[in-house]
Amino acid sequence: MNVGKNVLITGATSGIGEALFSLFGKHGHNLYPCGRNEDKLQRLKDTYTTCQPLSFDINDAAQVKLAASQVDSIDILILNAGDCAYIDDVMAFDDTNFARIINTNLTSLGTMLAAFLPKVNKGGQVVFVSSAATLLPFPKAEAYGASKAGVDYLANSLRIDLKKHAIGVSLVHPGFVETPLTDRNTFDMPFMLSAAEAAQRIYKGVMKKQQYIHFPRRLTWLLKVLAFMPPFLRHRLM
Ligand SMILES: NC(=O)c1ccc[n+]([C@@H]2O[C@H](COP(=O)([O-])OP(=O)(O)OC[C@H]3O[C@@H](n4cnc5c(N)ncnc54)[C@H](OP(=O)(O)O)[C@@H]3O)[C@@H](O)[C@H]2O)c1
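Numbering (the working numbering), first residue to last: 1 to 238.
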């Protein structure tokens, strides 16, 4: 008998999502890896027999709806897909870039919830991969930070409303993780973890149904302490 849970992971074709795919797969769960990269999805399908890849763009409501029609039930819905771009010249504010990041990281979650939440079983869980960047305002992060702050609010609000439906919500705050997304960064990224290490921490927290999963703690606690400081002191230290 298959005792694995049905786990849908967005952004499973790269980085943290791909590492989560491997880990949930190794533990014998039934997987729905999602992404746009069809070659990669095909390679993931060849890894585990209990795997049904779904190719769609999270920003395309029709594609999301079609993908949801191919899924019967979900125990763990992991909303991990995302993108990052910085506002390099604040006085020439790039509103196109801003809208793209807000759409991919936040607005798409509304589309995903509309299509997939009805598939989540009682006792199931929705997992939001946000970012430790929401603990403090960072320079050039107007788009990314605002999108992820929205994810935090969405997750924390949804948790209250989903309680009566016996569905839990986990909010994940990763620090820096080595992935194609952070490979683009040119600044120092302290306490960086590998994607496999990040996936281990997320897996452990999700299986314990933790509401808040944050790592590495030496970074997230440091950011929390800085957030309590008066802004002039914090800016000097940062
Ligand atoms: N890496 C870090 O340090 C870090 C830290 C904190 C939070 N996070 C968050 O963790 C999540 C994963 O990041 P990562 O570092 O693993 O990034 P990544 O390696 O760049 O992977 C991003 C994933 O998102 C998918 N994706 C992006 N746009 C999509 C779209 N429009 N439709 C469907 N799928 C889309 C990509 O799939 P396709 O290309 O196949 O579409 C890819 O699988 C993101 O939400 C990110 O904000 C990352």
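Ideal placement from N, C-alpha and C gives every residue a C-beta, glycine not left out.
None of the values given here were measured: they were computed from a predicted structure.
{"Item": "Would you verify that the beta carbon of Asp88 is, or is not, closer than 9 Å to some beta carbon of chain D?", "Value": "Among the protein chains of the structure shown there is no chain D, as only one such chain exists."}
{"Item": "Would you mind stating whether Gly35 and Leu106 have Cβ atoms separated by less than 9 Å?", "Value": "no"}
{"Item": "Leaving out five residues on either side along the sequence, give the residues of the same chain with a beta carbon under 6 Å from the beta carbon of Tyr86.", "Value": "Lys140"}
{"Item": "To which residues does DSSP link Phe215 through a beta bridge?", "Value": "Pro174"}
{"Item": "Take the Cβ of Tyr144 as the centre, count every other Cβ of all protein chains shown within 10 Å, and call the residue buried at 16 or more, exposed below.", "Value": "buried"}
{"Item": "Are the beta-carbon atoms belonging to Phe116 and Ser170 less than 9 Å from one another?", "Value": "no"}
{"Item": "Please state whether the Cβ-Cβ distance between Leu226 and Leu237 is less than 9 Å.", "Value": "yes"}
{"Item": "Looking at C-alpha atoms only, which residue of Ala133, Met207, Leu158 is the closest neighbour of Pro190?", "Value": "Ala133"}
{"Item": "In the structure shown, what three-state DSSP assignment does Pro33 receive?", "Value": "strand"}
{"Item": "Please confirm whether any heavy atom of ligand 1 lies closer than 8 Å to the CB of Ile58.", "Value": "yes"}
{"Item": "So Gly17 and Asn59 are supposed to be a Cβ contact under 8 Å. How far apart are they, rounded?", "Value": "Their Cβ separation, rounded to whole angstroms, is 16 Å, which puts Gly17 and Asn59 out of contact at 8 Å."}
{"Item": "Go ahead and pull the three-state DSSP assignment for Asp75.", "Value": "strand"}
{"Item": "Comparing alpha-carbon positions, which option in His235, Val71, Arg100 lies nearest Phe138?", "Value": "His235"}
{"Item": "For Phe232, does the three-state DSSP call read helix, strand or coil?", "Value": "helix"}
{"Item": "Using C-beta distances below 8 Å, list every residue in its chain close to Leu66, excluding the 5 sequence neighbours before and after it, in chain order.", "Value": "Phe56"}
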